Amino acid sequence: MEVPARLAAVAERLAASLGPHAVLSDPAELRTYECDGLARYAVSPGLVVLPESTEQVAEVVRACRDADLPFVARGSGTGLSGGALPRSDGVLIVTSRMRRILEVDLDAECAVVEPGVINLAISREVSPAHYHYAPDPSSQQICSIGGNVAENSGGAHCLKYGFTAHHVTGLEIVTPDGDVVWLGAGKCRQSTGYDLLGVFIGSEGTLGIATKVVVRLVQTQQCVETILAAFPDMASAGEAVSAIIAAGITPAAIEMMDALSIEAAEQAVDCRYPDGAGAVLIVELDGPADDVAAELAAVTARCEQSGAFELRRAADEYERGEMWKGRKSAFAAVGRISPDYIVQDGVIPRTALPEVLADIAALSERTGIRVANVFHAGDGNLHPLVLYDESVPGQGDAAEEVSGAILDLCIGHGGSITGEHGVGVDKAKHLPKMFTADDLDTMQLVRCAFDPAQRCNPGKVFPTPRLCGEVPRRGTTPHPAQAAGLAEAF
Amino acid sequence: MTALDDLRAVCEARAAQPTDRVADVEPRFVAYPTSTDEVSRVLRAASAHELHVVVRGGGTKLHWGAPPTAADLILDTSRLTGVVEHAAGDLIAVIRAGTPLAEVQRVLGEHGQRLPLDEMLPGATLGGVVATGAAGPLRLRHGTARDQVIGLTVVRADGVVAHSGGKVVKNVAGYDLGRLLTGSYGTLGVLTEIAVKLTPVPAARAYVRRPVRSPGEVRDLSVRLKQERLAPTAMEVECPEPDSLRRPARVPGHPDLMVLLLEGPADGVAARAEKAVQVLGGDARADAEPPEWWGSYPFGPEDVALQVVTPVGQLFGPVYSMRDAARGTGMRIFCSPAAGVLHAAIPGDVDPDRAVEIVNAARTVAMSHGGHCTVLAAPPKIRPELDLWGPVEGIGLMRAVKQEFDPAGRLAPGRFVGGI
Ligand SMILES: Cc1cc2nc3c(=O)[nH]c(=O)nc-3n(C[C@H](O)[C@H](O)[C@H](O)COP(=O)(O)OP(=O)(O)OC[C@H]3O[C@@H](n4cnc5c(N)ncnc54)[C@H](O)[C@@H]3O)c2cc1C
Ligand SMILES: Cc1cc2nc3c(=O)[nH]c(=O)nc-3n(C[C@H](O)[C@H](O)[C@H](O)COP(=O)(O)OP(=O)(O)OC[C@H]3O[C@@H](n4cnc5c(N)ncnc54)[C@H](O)[C@@H]3O)c2cc1C
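Chains as they are written, first to last, in this note's numbering: chain X, 2 to 491; chain L, 17 to 436.
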């Protein structure tokens with residue numbers, strides 16, 4: 002059967018089993034799902050299905066298996082690497098009708114939620130009891146926990162608290178074959194057997210669909226202090242970051258913004274950061290009151306020694322919110338100063354910051370493409386915003402090039418092409434710059450174990466799929482004796 | 017050429033001796049590769065000669081887990097040592113797998129840093145600790161080995177060398193093989209280099225101890241401590257078998273001991289220790305040093321070694337029922353209640369049927385709380401009677417992963433869950 006006929010058959014089967022309201026096939030409706038947060042790539046899905054339960058997700062996956070059609074999971078569609086980009090010959094499984102918080106267990110400090118639950122909804126639910134869910138991507142008001150699991154999302158406070166992988170202890174998944182399996186330890190902190198949970202997290206929806214997520218809840222700290230430090234330039238701000246870390250302090254967050262991103266934030270949200278700042282740092286400390294007091298004094302001293310010309314300390318929650326407002330809105334804010342922009346995501350060793358920032362500035366100078374810098378300075382995760390104007394011929398391509406060159410800088414310093422936004426479709430071509438063919442082959446052994454038919458989000462992450470069951474590079478692999486240095490290859 | 021000749025062409029190798037036994041299995045050879053490349057060539061030679069391979073780190077607990085069904089070659093990592101890179105400013109280090117954990121901590125300590133993993137058994141190597149996914153008291157604040165590994169180099173059974181992760185603390189490029197390999201007991205590949213994230217050695221420490229009389233009391237005190245938000249780095253409870261169970265006499269029981277570790281800036285630690293003493297009441301006091309059992313296991317090499325895991329705060333159920341089932345055997349338990357993990361030792365001279373009863377009791381209660389009970393090690397007389405792992409969720413997918421990584425079943429066959 003041809004693809005359209007198979008899609009139609011699946012639509013019919015699912016309309017019968019899930020109800021007609023769960024299946025969308027009208028082209029206008031399908032188009033609303035054509036891209037995620039990375040709008041440069043767009044494909045109208047063959048079919049959209051909105052399941053409401055694990056059983057329904059399993060039924061959709063089995064229907065895809067029976068019809069041999071690929072499928073892609075989608076949470077809120079805020080991903081920035083095209084991970085949820087649909088397939089025209091496949092089914093898009095959207096979790097937006099799976100938004101129940103199933104259980105909150107404060108004794109065991111965890112909650113069990115459906116994958117479509119919005120990240121911030123969990124913290125809202127448990128904040129009266131002084132708990133929260135720690136990973137806090139800037140998109141936390143809209144992104145789903147299922148998407149967070151798939152991307153191993155981070156956020157400003159991950160410096161101290163870790164990423165999604167550190168805060169999810171159990172997952173119920175529907176495997177690419179349509180079976181329902183639990184991975185991990187449920188509500189416990191330690192599982193038996195291989196850590197399949199650990200490898201599923203961050204696999205970008207290529208190993209199955211998460212249908213229930215057990216998340217850890219973290220007690221809100223006794224005391225929180227937030228300071229905003231203004232520096233004449235990026236170099237002195239970078240120096241302050243190194244000095245804070247060298248002093249043995251692990252702040253909850255250290256965020257940095259440069260002059261261009263500050264300008265954008267001022268225009269967008271009127272955040273009123275100190276005039277004339279070449280860079281600002283937001284440093285947040287949390288913990289027991291006496292510890293925080295000691296650390297606050299140390300951080301203040303380090304900032305001043307590094308050249309901070311103004312230091313503000315948030316007096317209350319309102320002022321803290323004001324300080325964060327500029328940082329949290331930064332991505333969207335650059336829309337005020339540039340018609341188009343690329344949000345880049347790369348990682349470098351923290352100590353390479355001054356050098357890499359100088360290189361980015363030089364790159365920008367040479368190409369005439371402006372770059373605004375916003376980043377999680379504590380862990381070296383850069384978010385350069387590459388600004389351009391699509392209506393100026395050639396600028397789009399030039400921006401692409403600058404954006405790619407920034408990744409090369411990251412790799413050159415022993416860093417990574419993505420710290421939290423994932424590889425998706427966007428960066429698959431860059432992955433071989435970081436990993437050898439053998440590395441990628443080995444990673445895909447996991448793919449072959451979970452999804453030998455490669456129906457689950459195919460074409461993402463890996464530039465070249467591995468044929469499962471295939472002996473890699475058959476015929477070119479050296480004979481074991483030869484490889485062991487025991488025989489010559491003549 | 018013989019297998020030994022082929023191995024010798026790669027690195028130092030010798031015929032095995034009785035002391036090289038893995039559980040009851042007599043290996044034929046031992047090889048000592050010194051680099052990733054040599055490990056790769058050893059494994060290619062092993063594969064050419066169809067040898068089954070067991071990796072040995074410090075060998076401190078090679079007899080743990082199920083005995084491998086075959087072990088022709090011991091791949092010994094004791095020459096695969098050294099800190100390759102320590103970037104103090106970036107709080108990371110890259111370390112060869114055979115490096116003893118104590119040596120790792122010594123090198124890092126010179127720069128005021130540490131790898132926040134406890135050395136539970138003296139002599140353990142970093143590779144061994146990562147391969148078993150081990151952790152001690154520090155797990156409460158820092159998690160287990162999987163949370164410290166940011167990148168690694170692994171050699172597959174077919175000799176292919178693969179890397180994952182990298183040298184930066186934040187990285188989501190590609191699948192995270194680091195988490196998969198951590199706790200895989202050498203059944204998926206041989207770890208040769210491990211990149212880890214580090215933490216500063218805290219300026220000050222205090223151990224607050226409080227004798228406790230029952231698991232119920234531990235639970236109540238834990239709840240009270242939680243409300244104070246004192247951010248302990250660790251909390252451990254030592255539970256020897258109470259005298260009241262040993263002899264049904266009215267001798268006052270040797271009490272259990274609850275110990276809280278507080279770390280941070282000196283002023284903060286002092287203030288929190290004072291607060292903790294006040295909250296805990298009773299005979300609580302703060303000390304600069306830990307009790308002698310801190311960061312060790314309750315069991316010795318002859319004992320049946322158990323690990324029980326439950327959701328946080330629910331360990332007290334299993335403790336009551338295990339104690340009841342083990343009445344009179346002299347069982348010792350070390351608990352990490354805030355992490356939901358305990359280790360227990362049943363003396364190895366216990367009757368095998370009795371050991372089965374105790375394990376069943378622990379497992380039943382643990383499972384009723386959504387947890388599990390694993391037999392880490394047992395003497396040969398008792399081991400065959402015991403189900404070491406109990407039911408394992410997701411075992412089908414685990415088998416599939418093993419099949420992909422090691423289709424010929426050459427790495428430590430039979431050692432892992434479900435006979436993997
Ligand atoms: C303004 C803005 C700010 C952002 N800030 C951050 C940040 O600070 N940190 C950060 O890490 N990210 C950030 N992001 C990126 C994005 O929000 C995260 O990647 C988020 O986790 C995506 O969630 P989502 O629900 O939108 O997923 P989607 O975009 O719908 O999907 C993302 C991926 O997850 C897969 N997926 C979705 N649901 C499931 C499921 N149930 N099971 C299996 N796979 C699934 C999809 O197939 C896809 O591959 C930001 C994005 C925006 C637009
Ligand atoms: C089955 C088992 C369960 C354990 N559970 C716990 C626990 O829950 N909590 C805890 O704190 N401690 C636990 N330990 C003990 C702790 O892990 C030891 O401190 C550590 O294993 C000793 O390291 P070693 O170098 O002596 O390793 P060894 O005793 O030599 O080896 C231990 C295991 O790791 C494998 N291994 C060693 N090096 C490598 C390598 N480079 N690459 C791949 N595999 C390798 C070995 O094949 C073997 O299976 C456990 C140990 C074992 C064997």
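For each residue, glycine too, the CB sits at the ideal point set by N, CA and C.
None of the values given here were measured: they were computed from a predicted structure.
Three-state secondary structure assigned by DSSP to residue i
i         : result
Pro216(L) : strand
Ser307(X) : coil
Arg24(L)  : helix
Cys36(X)  : coil
Ala265(L) : With a pLDDT of only 42 at Ala265(L), under 50, the local geometry of the prediction cannot be trusted, and the value read off the model is given with reservation. Note: Ala265(L) maps to coil in three-state DSSP.
Val70(L)  : strand
Phe315(L) : coil
Arg172(L) : coil
Gln129(L) : strand
Lys213(X) : strand
Ser63(L)  : helix
Thr141(L) : strand
Pro227(L) : strand
Met274(L) : strand
Ala43(X)  : coil
Close-in-space but distant-in-sequence residues of the same chain around residue i (CB under 7 Å, 5 per side omitted)
i         : result
Ser312(L) : Met136
Pro464(X) : Ala429, Lys430, Leu432, Pro433
Arg266(L) : Low local confidence applies: a pLDDT of 39 at Arg266(L) is under 50, so the model's placement there is unreliable, and no value is given.
Arg313(X) : Ile228, Leu229
Same chain only: Cβ atoms within 6 Å of residue i, ignoring 5 sequence neighbours per side
i         : result
Gly156(X) : Pro136, Asp137, Pro138
Glu126(X) : Ile102
Asp422(L) : Ala173
Ser417(X) : Val348
Val284(X) : Ile228, Pro252, Ile255, Val300
Residue(s) in a DSSP beta bridge with residue i
i         : result
Trp310(L) : DSSP output for Trp310(L) lists no bridge partner at all.
Asp287(X) : Val225(X)
Phe376(X) : Met257(X), Leu383(X)
His388(L) : Val325(L)
Trp183(X) : Glu173(X)
Ile210(L) : Ile111(L), Leu168(L)
Asp303(L) : Tyr223(L)
Cys144(X) : Looking at the DSSP assignment, Cys144(X) forms no beta bridge with any residue, so it has no partner.
Residues near residue i by beta carbon distance below 8 Å, same chain, minus five either side
i         : result
Ser238(L) : Met251, Gly329, Pro353, Ala354
Gly369(X) : Ala399
Val120(L) : Val99, Ala109, Ile111, Leu131, Leu142
Lys291(L) : Glu244, Leu246
Ala428(L) : His68, Val69, Val70, Val71, Pro84, Ala87, Tyr201, Gly202, Thr203
Residue environment, residue i, which counts as buried when at least 16 other CB atoms sit within 10 Å
i         : result
Val55(L)  : buried
His22(X)  : exposed
His468(X) : The sequence shown places Leu at residue 468(X), not His. The residue is exposed, with fewer than 16 neighbouring Cβ atoms inside 10 Å.
Thr326(L) : buried
Val176(L) : buried
Residue i Cβ short of 7 Å to ligand 3 heavy atom set
i         : result
Ile210(X) : The model depicted lacks ligand 3 and carries ligand 1 and ligand 2 instead.
According to a CB-to-CB cut-off of less than 9 Å, which residues of the segment 94 to 119 of chain L neighbour chain X?
Ala103, Ala104, Gly105, Asp106, Leu107, Ile108
Members of the segment 225 to 250 of chain X near chain L, C-beta cut-off 9 Å:
Ser243, Ile246, Ala247, Ala248, Gly249, Ile250
The segment 313 to 342 of chain L: positions lying closer than 9 Å to chain X by Cβ:
Gln323, Val325, Thr326, Pro327, Val328, Gly329, Gln330
Taking any Cβ of chain X, which residues in the segment 352 to 367 of chain L have a Cβ under 7 Å from it, in chain order?
Ala355, Gly356, Val357
Please list the residues of the segment 60 to 83 of chain L that have a C-beta atom closer than 8 Å to any C-beta atom in chain X, keeping them in chain order.
Arg60, Ala61, Ser63, Ala64
Against chain L: residues of the segment 160 to 174 of chain X by CB proximity under 8 Å:
Gly163, Phe164, Ala166, His167
At a Cβ cut of 9 Å, what residues of the segment 182 to 195 of chain X count as close to chain L, listed as they run along the chain?
Val182, Trp183, Leu184, Gly185, Ala186, Gly187, Lys188, Cys189, Arg190, Gln191, Ser192, Thr193, Gly194, Tyr195
Short-range partners of chain L found in the segment 417 to 440 of chain X, where Cβ spacing is below 9 Å:
Ser417, Ile418, Thr419, Gly420, Glu421, His422, Gly423, Val424, Lys428, His431, Leu432, Met435, Phe436, Thr437, Asp439, Asp440
Residues of the segment 285 to 304 of chain X in Cβ contact with chain L at a cutoff of 7 Å, in chain order, please.
Gly288, Pro289, Asp291, Asp292, Ala295, Glu296
Members of the segment 412 to 424 of chain L near chain X, C-beta cut-off 9 Å:
Gly412, Leu413, Met414, Arg415, Ala416, Val417, Lys418, Gln419, Glu420, Phe421
Of all the residues that make up the segment 195 to 211 of chain L, which are near chain X by a beta-carbon distance shorter than 9 Å?
Arg195, Leu196, Leu197, Thr198, Gly199, Ser200, Thr203, Leu204, Gly205
Closer than 9 Å, Cβ to Cβ, to anything on chain L: give me those residues from the segment 348 to 363 of chain X, in chain order.
Val348, Ile349, Pro350, Arg351, Thr352, Ala353
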